[in-house]
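So the structure is just underneath, and the comments pick up after that.
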DNA sequence: GACAGGGTCGGAAGCGGTTCCAATGCTGCA
DNA sequence: TGCAGCATTGGAACCGCTTCCGACCCTGTC
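Protein chains in written order, with this note's numbering: chain F, 16 to 342; chain E, 16 to 342.
Printed below as a string of structure tokens:
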């Protein structure tokens, strides 16, 4: 913006930023020249000068999980309406995980990050704080970080009670491996809710009925196949996610086990896939959690006074994969 | 990086960028100090100085279409391994569409953009060129832009032939509205393939069997309901996307029309949902198209000599929604 | 021994904004 | 009429990096 408007650089800057202290006439003249020239200030220069990037990052085990996509939608709902740009960092390997924190989540790139489904170590959180990168966690928690989570334990209870009410007594669990670097404490907590309900009902949960492995449809398929091959196979399986429930369904189909006739299956999340597959599941507010996380980050950054509304509670969505069992 | 290493700023820069002209001893000394101090150069300053952002943008009607998510996966596969950051811009309204081009796709934010499923006007392409923002198009085409597309017409033929071979003679089409600002020439081209095959077979395609409306499951549901309410309803429906096919399935379920007994349905894309719903569909290489688009952009930017491999051709995936019709 | 020329290196300028401070012009009041 | 004080404005300094140019040191050559 050559000072073709006949004013100083300072004045142009003030006009563009709606800063006070510019006479109305001047302001209008500058504006006229600005859109006559189609002038757009350089975001790059602005970032350097301001020391803020006006960019927010999302770090997530991204495309491998439909639940994450749904959360991203929620995040975009909010960020899209703000003045921030949205940057993505996908994590699928330990190297990427490290890179996300050391190279991507830095103040010269982003003002803040939303971390999805990734447990953060204390040292990592400290590093973030030291660098001045604000962070919030979605589907996870850290003592010193704002976070949004759902009641996974309750979700586990809901699912299990539903199975029990349908008459099942021998139910198995298929979930994520504990303590993996990309984990999912959530899987473990869902199992916990399950255990609670089971033991309240005076039922056993033998180790052979607890399967944990890598996330994904195929691994779940394999685990379910083992369950079905047991001398006394379970009559119902609770999967810690819909994707895994689909894997269980695959195994049942392969073995010719009727669902819900011979085997009942219940999932968790209620992603689109679950609806299409007619899967009974525990619904968690995925998109809303993304929105809440984004709002949280904006408010931490001081950009929004907005209150972050409470998330809807988890609840059961009954479809066609749970049937009565009278044993 | 205070010049604690006892060298000038120029030297530090040269070391960090592996530029020549630095004595090996000096280079090593600087490197030592760098990681002793945990020093990281500021991306913001670098961008300003370089005049490049080392950031790539994706502009897409993002979260509303699972096919787009799949393409994004492919894009991330490639960009994640490059030196570029990935920025996202979601388009769902005409305002967002305009903003994407005037505010987001600018040289101070991104070096290049991948435009997905959005038809670009000549003026828009010119503006991009003038600003020096490189662009490639995925699922779309523009005379003067590199692009990756599949053979939609052939896909339409494939689907229709399959239906014809199953004995159907009265088949309908459910697709996207023509010429919408977020369109999808692809829908139209798929219809074209359908028409070709139909007329080669000496069959009619009356206007009442061609339904076009907004993209999405619900609108497709509504359109299919109208088709089913016809005096002589179609015995098969070709939907221009899986999402729309799902909507057709919804309508059938609502009306108690058996699929594939009384109605056959075939979709397009083969997204996860299709598999879960047992939908017969035409598979297009979504993820690969994302990868190809990203490679194309990198090569346009001169960052990659990589050849962009040809995409696999579209082909039929037969599942459970197409049945024989003997009329 | 003087000098040309290559290898290294230091640091000023420049990228394009924001912001702070000083300068200017007016207004109102004593 | 003189001056304090506010509104407005211009522009230097600065953000942290890259790059270009000039300086310096050494070597080899005649």
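Every residue, glycine too, gets a C-beta built ideally from N, C-alpha and C.
If you're wondering where the values come from, they're calculated on a predicted model, not measured in any experiment.
Could you tell me which of the options sits nearest to residue i, measuring between CA atoms?
{"i": "residue 173 of chain F", "options": "F:210, F:138, F:144", "result": "F:210"}
{"i": "residue 159 of chain E", "options": "E:329, E:328, E:327, E:315", "result": "E:315"}
{"i": "residue 125 of chain F", "options": "F:18, F:305, F:266, F:66", "result": "F:66"}
{"i": "residue 293 of chain F", "options": "F:281, F:303, F:299, F:304", "result": "F:281"}
{"i": "residue 76 of chain F", "options": "F:134, F:44, F:92", "result": "F:134"}
{"i": "residue 41 of chain E", "options": "E:57, E:80, E:24", "result": "E:24"}
{"i": "residue 45 of chain F", "options": "F:38, F:20, F:69", "result": "F:20"}
{"i": "residue 140 of chain F", "options": "F:132, F:153, F:157", "result": "F:157"}
{"i": "residue 132 of chain F", "options": "F:122, F:165, F:101", "result": "F:165"}
{"i": "residue 187 of chain E", "options": "E:168, E:267, E:253, E:111", "result": "E:253"}
{"i": "residue 326 of chain E", "options": "E:306, E:94, E:340, E:206", "result": "E:306"}
{"i": "residue 232 of chain E", "options": "E:310, E:137, E:191", "result": "E:191"}
{"i": "residue 208 of chain E", "options": "E:56, E:57, E:171", "result": "E:171"}
{"i": "residue 312 of chain F", "options": "F:246, F:161, F:298", "result": "F:161"}
{"i": "residue 256 of chain E", "options": "E:39, E:83, E:51, E:53", "result": "E:83"}
{"i": "residue 184 of chain E", "options": "E:167, E:218, E:155", "result": "E:218"}
{"i": "residue 167 of chain F", "options": "F:328, F:137, F:179, F:52", "result": "F:328"}
{"i": "residue 263 of chain F", "options": "F:337, F:39, F:32", "result": "F:337"}
{"i": "residue 215 of chain E", "options": "E:204, E:179, E:223", "result": "E:179"}
{"i": "residue 103 of chain F", "options": "F:93, F:32, F:78, F:57", "result": "F:78"}
Span of the alpha helix (DSSP H) holding residue i?
{"i": "residue 330 of chain F", "result": "Where residue 330 of chain F is concerned, there is no enclosing alpha helix (DSSP H), although the beta strand (DSSP E) it sits in stretches over 330-332."}
{"i": "residue 295 of chain E", "result": "First-last for residue 295 of chain E: 295-298, but that is the beta strand (DSSP E), not the alpha helix (DSSP H)."}
{"i": "residue 268 of chain E", "result": "257-270"}
{"i": "residue 200 of chain E", "result": "200-215"}
{"i": "residue 24 of chain E", "result": "24-31"}
{"i": "residue 364 of chain E", "result": "With chain E covering only 16 through 342, there is no way to say anything about residue 364 of chain E."}
{"i": "residue 170 of chain F", "result": "167-180"}
{"i": "residue 290 of chain E", "result": "287-292"}
{"i": "residue 158 of chain E", "result": "Looking at the DSSP string, residue 158 of chain E is not in any alpha helix (DSSP H), and its letter there is neither H nor E."}
{"i": "residue 323 of chain F", "result": "Run containing residue 323 of chain F: none; DSSP gives neither H nor E here."}
{"i": "residue 41 of chain F", "result": "39-52"}
{"i": "residue 61 of chain F", "result": "58-65"}
Answer yes or no: do residue i and residue j have a C-beta to C-beta separation smaller than 9 Å?
{"i": "residue 71 of chain F", "j": "residue 128 of chain F", "result": "yes"}
{"i": "residue 143 of chain E", "j": "residue 59 of chain F", "result": "no"}
{"i": "residue 130 of chain E", "j": "residue 151 of chain E", "result": "yes"}
{"i": "residue 120 of chain E", "j": "residue 148 of chain E", "result": "yes"}
{"i": "residue 153 of chain E", "j": "residue 308 of chain E", "result": "yes"}
{"i": "residue 251 of chain F", "j": "residue 189 of chain F", "result": "no"}
{"i": "residue 287 of chain E", "j": "residue 258 of chain E", "result": "no"}
{"i": "residue 85 of chain F", "j": "residue 301 of chain F", "result": "yes"}
{"i": "residue 18 of chain F", "j": "residue 27 of chain F", "result": "yes"}
{"i": "residue 310 of chain F", "j": "residue 182 of chain F", "result": "no"}
{"i": "residue 225 of chain E", "j": "residue 213 of chain E", "result": "no"}
{"i": "residue 272 of chain F", "j": "residue 243 of chain F", "result": "yes"}
{"i": "residue 116 of chain E", "j": "residue 48 of chain E", "result": "no"}
{"i": "residue 246 of chain F", "j": "residue 270 of chain F", "result": "no"}
{"i": "residue 202 of chain E", "j": "residue 227 of chain E", "result": "yes"}
{"i": "residue 105 of chain F", "j": "residue 91 of chain E", "result": "yes"}
{"i": "residue 266 of chain E", "j": "residue 289 of chain E", "result": "no"}
{"i": "residue 55 of chain E", "j": "residue 118 of chain F", "result": "yes"}
Can you give me the start and stop residues for the beta strand (DSSP E) that residue i sits inside?
{"i": "residue 279 of chain F", "result": "279-284"}
{"i": "residue 70 of chain F", "result": "70-75"}
{"i": "residue 137 of chain E", "result": "Element bounds for residue 137 of chain E: not the beta strand (DSSP E) but the alpha helix (DSSP H), 137-146."}
{"i": "residue 228 of chain F", "result": "225-228"}
{"i": "residue 308 of chain F", "result": "Looking at the DSSP string, residue 308 of chain F is not in any beta strand (DSSP E); the run it does join, the alpha helix (DSSP H), is 301-315."}
{"i": "residue 189 of chain F", "result": "186-191"}
Going by DSSP, which residues form a beta bridge with residue i?
{"i": "residue 105 of chain E", "result": "E:75"}
{"i": "residue 244 of chain E", "result": "BP columns for residue 244 of chain E are empty, so no partner."}
{"i": "residue 120 of chain E", "result": "None; residue 120 of chain E has no bridge partner."}
{"i": "residue 149 of chain F", "result": "F:127"}
{"i": "residue 100 of chain E", "result": "E:70"}
{"i": "residue 254 of chain F", "result": "F:189"}
State yes or no: is the C-beta of residue i nearer than 8 Å to some heavy atom of the ligand ADP?
{"i": "residue 113 of chain F", "result": "The model depicted lacks the ligand ADP and carries no ligand whatsoever."}
Cβ-based contacts, 8 Å cut-off: residues of the stretch 198-232 of chain E near chain F: Within the stretch 198-232 of chain E, no residue has a Cβ that lies closer than 8 Å to any Cβ of chain F.
Taking a cut of 7 Å between CB atoms, which residues from the stretch 53-65 of chain E lie near chain F? Of all residues in the stretch 53-65 of chain E, 55, 57, 58, 59, 60, 62, 63 have a Cβ within less than 7 Å of some Cβ in chain F.
Taking Cβ-Cβ distances below 9 Å as the criterion, which residues of the stretch 100-113 of chain F are in contact with chain E? Residues passing the 9 Å Cβ filter: 100, 101, 102, 103, 104, 105, 107, 111.
Using a Cβ-Cβ cutoff of 7 Å, what residues of the stretch 134-156 of chain E are near chain F? List them in chain order. Answer in chain order: no residues at all.
Near-chain F residues of the stretch 274-297 of chain E (beta-carbon distance less than 7 Å), N- to C-terminal order: Answer set for the stretch 274-297 of chain E: 287, 288, 291, 292.
Against chain E, which members of the stretch 80-96 of chain F pass a CB distance test of less than 8 Å? The residues in question are 81, 84, 87, 88, 91, 95.
Going along the stretch 302-320 of chain F in order, which residues come within less than 8 Å of chain E, judged by CB to CB distance? Taking 8 Å as the cut-off between beta carbons, none of the residues of the stretch 302-320 of chain F comes near chain E.
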